[in-house]
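Visitor:
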Amino acid sequence: MNADYQTSVPNIYRVGDVIGFPSLASTSIEQGRHAACHAVNVHATHMPELFPYGIYTIPELSMVGPTEEELTEKGVPVRGRQGAILRRSPAGRSSATAAAF
Ligand SMILES: Cc1cc2nc3c(=O)[nH]c(=O)nc-3n(C[C@H](O)[C@H](O)[C@H](O)COP(=O)(O)OP(=O)(O)OC[C@H]3O[C@@H](n4cnc5c(N)ncnc54)[C@H](O)[C@@H]3O)c2cc1C
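So the numbering used here is basically just the index in the sequence shown, starting at one, shifted up by 1057.
#1: I'd like the list of long-range same chain contacts for Asn1098, defined as Cβ closer than 6 Å, with 5 residues on each side in sequence excluded.
#2: Rounded to a whole number of angstroms, what is the C-alpha to C-alpha distance between Thr1102 and Ser1083?
#3: Give me the pocket residues for ligand 1, defined as CB within less than 7 Å of any heavy atom, sorted by chain position.
#4: At what residues does the beta strand (DSSP E) containing Leu1118 begin and finish?
#5: Can you tell me which of the three DSSP states Ile1069 falls into?
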């Protein structure tokens, strides 16, 4: 597979879960978009260096960029902050709080 997700069979591309890590919706979508553009000879932008990671839990979690551990390893000061996450369902019940995090 080359950088355009094209396999050795030129009209066959591999994207998403079949190529493994990170196997997320956001990355799979972007890989698919890139491969589809390439397949129809539309100029596709380069793949972004950073992808948002969305985890569809309750509450939803997401991150983009380096982790706290990666920054600490590079000597970049990190400041953490804890905030309250409170989500109300249509029925008015809270579904989760940040206390678990
Ligand atoms: C339980 C679970 C939780 C997840 N949670 C998250 C999350 O929180 N955040 C996140 O980003 N990602 C999450 N993922 C991962 C995310 O769903 C996948 O990375 C993403 O859907 C991969 O997209 P894909 O297009 O590669 O594959 P898929 O979305 O699986 O699409 C493949 C499609 O091909 C079809 N297909 C299969 N065989 C054939 C065939 N022979 N002919 C025609 N069609 C066929 C299938 O029916 C399917 O529709 C989760 C995955 C699972 C299983």
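Ideal placement from N, C-alpha and C gives every residue a C-beta, glycine not left out.
Guide: So, from the listed chains and residues:
#1: When the five nearest sequence neighbours on each side are left out, no beta carbon in the same chain lies closer than 6 Å to the beta carbon of Asn1098.
#2: In a straight line, the C-alpha of Thr1102 is about 16 Å away from that of Ser1083.
#3: Val1072, Gly1073, Asp1074, Val1075, Ser1080, Leu1081, Ala1082, Ser1083, Ser1085, Gly1089, Tyr1110, Gly1111, Ile1112, Tyr1113, Thr1114
#4: 1118–1120
#5: coil
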